[in-house]
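In our numbering, the protein residues as written are 7 to 485.
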Amino acid sequence: MINLKEYSSNGAFDEFISDQSKFRTQASKIGNLLNSLTASELKDIHQATQSAIKSMGISFRVYDKNNSFEDRSWPLDFIPRIIRNSEWDTVSKGLQQRCKAINLFIEDCYNDQEFLKSGLIDPNLILKSPSFKKECIGMRLPYSVWSHISGTDLIRDKDGNFYVLEDNLRVPSGVSYMIENRLVMKKVFPELFNHYGVLPVDEYTSKLYSTLASLQSSKSKPEIVILTPGVFNSAYFEHSHLAQQLGIDLVQGSDLLVSDDGYVYKKTINGLKKIDVIYRRINDDYLDPLVWNKNSTLGVQGIINAWKNKKVVIVNAPGCGIADDKAVYSYVPQMIKFYLNESPILKNIDTFLCSDKNSRDYVINHMQDLVVKPVNESGGYGIVIGRDTTNKERLEVGIKINQNPRNYVAQPLVSLSTAPTYCSGELDARHMDLRPFVLSGAKNYVSVGGLTRVALKKGATVVNSSQGGGSKDTWVIDR
Numbered sequence: 007m008i009n010l011k012e013y014s015s016n017g018a019f020d021e022f023i024s025d026q027s028k029f030r031t032q033a034s035k036i037g038n039l040l041n042s043l044t045a046s047e048l049k050d051i052h053q054a055t056q057s058a059i060k061s062m063g064i065s066f067r068v069y070d071k072n073n074s075f076e077d078r079s080w081p082l083d084f085i086p087r088i089i090r091n092s093e094w095d096t097v098s099k100g101l102q103q104r105c106k107a108i109n110l111f112i113e114d115c116y117n118d119q120e121f122l123k124s125g126l127i128d129p130n131l132i133l134k135s136p137s138f139k140k141e142c143i144g145m146r147l148p149y150s151v152w153s154h155i156s157g158t159d160l161i162r163d164k165d166g167n168f169y170v171l172e173d174n175l176r177v178p179s180g181v182s183y184m185i186e187n188r189l190v191m192k193k194v195f196p197e198l199f200n201h202y203g204v205l206p207v208d209e210y211t212s213k214l215y216s217t218l219a220s221l222q223s224s225k226s227k228p229e230i231v232i233l234t235p236g237v238f239n240s241a242y243f244e245h246s247h248l249a250q251q252l253g254i255d256l257v258q259g260s261d262l263l264v265s266d267d268g269y270v271y272k273k274t275i276n277g278l279k280k281i282d283v284i285y286r287r288i289n290d291d292y293l294d295p296l297v298w299n300k301n302s303t304l305g306v307q308g309i310i311n312a313w314k315n316k317k318v319v320i321v322n323a324p325g326c327g328i329a330d331d332k333a334v335y336s337y338v339p340q341m342i343k344f345y346l347n348e349s350p351i352l353k354n355i356d357t358f359l360c361s362d363k364n365s366r367d368y369v370i371n372h373m374q375d376l377v378v379k380p381v382n383e384s385g386g387y388g389i390v391i392g393r394d395t396t397n398k399e400r401l402e403v404g405i406k407i408n409q410n411p412r413n414y415v416a417q418p419l420v421s422l423s424t425a426p427t428y429c430s431g432e433l434d435a436r437h438m439d440l441r442p443f444v445l446s447g448a449k450n451y452v453s454v455g456g457l458t459r460v461a462l463k464k465g466a467t468v469v470n471s472s473q474g475g476g477s478k479d480t481w482v483i484d485r
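Next comes the structure, spelled out in structure tokens:
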């Protein structure tokens with residue numbers, strides 16, 4: 007049970023329990039249920055959750071420093087996160103607004119470069135970025151969309167409001183776990199769904215298919231594939247899961263070729279079959295050894311030329327990584343004003359760019375109050391939480407920043423919201439974030455809720471599964 011008097015979120019906004027030590031209205035039913043259960047019953051529910059995950063084969067892959075890997079069962083906490091639909095409607099509109107502006111920015115950067123000429127940003131932040139691909143200059147895409155599938159990380163601060171922590175625009179992962187979490191919860195806690203009116207999440211895959219299909223106009227039923235690096239990739243479970251759910255083939259680079267006519271074909275036992283849309287799950291540099299990484303065996307020779315000649319659609323588009331950068335992130339509010347003439351619905355976290363000397367000096371001198379992040383890393387790698395470091399460690403980070411200031415940004419240490427989580431036989435507050443998924447094409451769609459990631463260590467704020475984090479099912483309730 008939850009001891010409301012002793013339960014503490016350590017000053018963070020708790021989404022279940024108010025400052026008056028009472029269950030919030032939307033969490034009262036499940037809170038009262040949890041309080042009615044004994045420690046033994048809670049353990050049984052936890053074990054039933056783990057058993058369902060294992061029987062369904064839901065796993066993820068972790069690599070160590072020696073590049074050895076192991077498959078682990080997906081960590082799901084059985085206590086859901088609950089968000090009101092009225093609140094989610096505002097978040098959804100904010101995400102669509104944000105993604106629209108970002109996509110217009112990407113297309114602008116490869117064409118007229120009006121934003122870069124506006125004086126709002128240092129053009130070198132883009133033009134000298136390793137993610138800026140000169141091969142994309144002059145390309146205009148259907149609906150001006152480059153990042154067709156994005157995963158935007160949100161956090162809730164002490165004021166209870168959602169803020170954008172970062173944008174994931176290249177090959178965002180995690181949506182299959184959002185779907186699988188729901189299936190597990192329906193097995194473990196079926197009675198709760200009837201009480202709460204939880205909105206479904208399973209339409210995401212049909213919306214994803216519609217989005218992919220909308221990007222070409224030549225066929226009513228286009229040939230679509232998912233391009234994976236292979237079984238050793240950490241997100242391979244998701245690649246195979248999505249291919250199965252969409253009813254399309256999962257392929258590797260060796261399964262495809264670009265023919266003399268410039269089109270991309272899939273090798274089958276019945277001969278070659280032309281591909282219309284490729285949902286790629288490999289990074290730009292490995293897509294085409296004729297263009298970027300010459301040693302890549304993951305991509306397809308000639309695929310970038312086929313894309314440039316509009317003979318195949320690649321999702322997400324090559325070159326969209328220029329906006330998937332924690333430094334460029336800080337300019338999204340200006341992008342929204344510049345391209346849409348609107349005020350941002352969702353706010354950013356204050357961000358210090360270490361490429362600016364004044365900001366860099368501030369970061370180095372106040373690192374104990376900040377979180378330092380490399381601009382192009384993902385999965386929680388490279389993040390330095392200042393309060394958890396020694397003077398010596400902060401000095402070492404400062405040296406790295408001075409050596410390559412463009413590679414670092416810093417943000418205030420935000421107090422991620424908490425919720426009760428089952429840990430070591432007890433229910434205790436743990437910090438969490440949220441990754442909704444946004445689809446952009448002929449129509450736009452935002453997932454109902456998203457993947458809630460939770461830090462399983464007390465007081466920790468790094469929620470990534472690769473760093474020891476877990477997850478929760480996200481319930482958007484229709485009330």
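Heads up, the beta-carbon is just placed ideally off N, CA and C, and yes, glycines get one too.
Please read all numbers here as calculations on a predicted model, not as lab measurements.
- Ranked by Cα distance from V452, the first of V334, S246, V207 and E76 is V207.
- D331 sits away from S156, with the two beta carbons spaced by 8 angstroms or more.
- With distances taken between CA atoms, K99 lies nearest to V444 out of V444, A448 and V460.
- Non-local beta-carbon contacts of P129 in its own chain, meaning distances under 8 angstroms to residues more than five positions away in sequence, involve Q119, L122 and K123 in chain order.
- Taken in chain order, the whole beta strand (DSSP E) runs of length 3 or more contained in the region 53-104 are 65-69, 75-79 and 82-90.
- For Y169, the pairing in a beta bridge is given by DSSP as I161 and K353.
- The alpha-carbon of G259 is positioned some 27 angstroms away from that of M184.
- Cβ contact annotation for D77 (same chain, cutoff 7 angstroms, sequence separation greater than five): S65 and R67, in chain order.
- Taking a C-beta distance under 8 angstroms as the contact criterion, S137 and G327 qualify as a contact pair.
- Between the alpha carbons of T31 and T303 lies a distance of about 54 angstroms.
- Contact annotation: D163 and L171 have beta-carbon atoms that are not nearer than 8 angstroms.
- Secondary structure at E402: helix, using DSSP grouped into helix, strand and coil.
- Here N347 is actually not in contact with L205; their C-beta atoms are around 32 angstroms apart, not less than 8 angstroms.
- The beta carbon of E21 lies closer than 6 angstroms to those of S423 and A425 in the same chain, with the five residues before and after it left out.
- In the three-state reduction of the DSSP assignment, D128 falls in the coil class.
- The Cβ atoms of F199 and K193 lie no closer than 8 angstroms to each other.
- With a contact defined as Cβ atoms closer than 8 angstroms, I230 and V283 qualify at about 4 angstroms.
- Judged by DSSP in its simplified three-state form, W313 adopts helix.
- When C-alpha distances from G144 are compared across C115, S216 and F168, the shortest belongs to C115.
- Two segments are said to touch when three or more pairs of C-beta atoms, one from each, lie closer than 8 angstroms; by this definition the region 103-117 touches the region 334-341.
- About 19 angstroms separates the CB atoms of R366 and I391; that is not less than 8 angstroms, and the two are not in contact.
- For K49 and S430, the gap between their C-alpha atoms comes out near 9 angstroms.
- Under DSSP, D434 takes part in a beta bridge, and its partners are T427.
- Put simply, the backbone Cα of G236 is about 48 angstroms away from that of E12.
- Ranked by Cα distance from E141, the options L82, H201 and K314 are led by K314.
- In the structure shown, K35 falls within a helical segment according to DSSP collapsed to helix, strand and coil.
- In the DSSP annotation of this structure, the continuous segment of the alpha helix (DSSP H) that includes V190 starts and ends at V181 to V194.
- In the three-state reduction of the DSSP assignment, D362 falls in the coil class, being assigned neither a helical nor a strand state.
- Of P295, I275 and Y345, the smallest CA-CA separation from L126 is found for Y345.
- If the five residues before and after H201 are omitted, its C-beta is found closer than 6 angstroms to the C-beta atoms of K35, all from its own chain and listed in chain order.
- For the pair T44 and I51, the Cα-to-Cα distance works out to about 11 angstroms.
- A Cβ-Cβ contact shorter than 8 angstroms links L457 with G180.
- Sequence-distant partners of A323 (beyond 5 residues in either direction) whose C-beta falls short of 7 angstroms from its own C-beta, in its chain, are L147 and W152.
- When only Cα atoms are considered, I254 and D356 end up about 42 angstroms apart.
- Looking at the backbone, the Cα of F84 and that of Y335 are separated by about 33 angstroms.
- Listed in chain order, the non-local C-beta contacts of C105 below 6 angstroms within the same chain comprise S156, V444 and S446, local neighbours out to five positions each way being set aside.
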